[in-house]
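Working notes for the structure below.
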Amino acid sequence: MHHRIWAPVGLAAVAFLAAACGSSSTSTAASSSPSATPTPAHSASTSAAVKTAKIGTVTVLTNAQGRTLYWYGLDTAVVSKCTSTGCVHLWPAVKGPLTAGPGVTGKLGTVKLSDGTVQATYNGHLLYTYVGDTSSGQDRGNGMSSGVWHAVAVSVAPVSPSPSSS
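Spelled out as structure tokens, the structure:
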């Protein structure tokens, strides 16, 4: 009976920590010569693969385990604003470089931050995962912290209709 109390308490703790992410004023500046390295989507390196998955009606970018990838609206192309302990815990940075799997369009790249971290990017956005997504096919982080966290939507070319036979 006592275990029912812990679920709301745990959710409240996660919400509190997520709110802390949106109010962080500390930043990790990129090195004096930021190394933003775009990588063509068809790159064949030995890095971690990313792929796509459909969640609802949206196709999103996921890691190799199928976990949704996110970008943070307060970041710049070379500066992560997710630097507080709470934010970093809830939103782990995706380490780069990455390799594009089937369905991935756009530019993959990396940015070397001033702390030496090499963070992956997609179309100029630093990439993160969210600890609240406990399995593939979830995007619980989308819209968190007053809407500044976003699942990475991937543009997919529409499927051409099959010619009808008359």
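Per the numbering used here, the sequence shown starts with residue 98, numbered consecutively.
The C-beta atom is built at its ideal place from N, Cα and C for all residues, glycine as well.
| Asked | Found |
| --- | --- |
| Cα-Cα separation between Gly203 and Val155, rounded to whole angstroms | 16 Å |
| Exposure label - Asp172; buried when at least 16 CB within 10 Å | buried |
| Host alpha helix (DSSP H) of Val185 (start-end) | Thr182 to Leu187 |
| Reduced DSSP category for Gly206 - H, G, I as helix; E, B as strand; rest coil | strand |
| Length of the line joining the Cα atoms of Ala174 and Val245 | 15 Å |
| Of the residues Val191, Val147, Thr149 and Gly153, the one placed nearest Val208, counting alpha carbons only | Val191 |
| Three-way DSSP call (helix, strand, coil) for Ser252 in this model | coil |
| Simplified DSSP assignment, three categories, for Ser66 | Outside the shown range of the chain, which is 98 to 263, sits residue 66, and nothing can be said about it. |
| Per-residue DSSP class, three states only, for Ser211 | coil |
| Burial state of Lys178 (16 or more Cβ within 10 Å) | buried |
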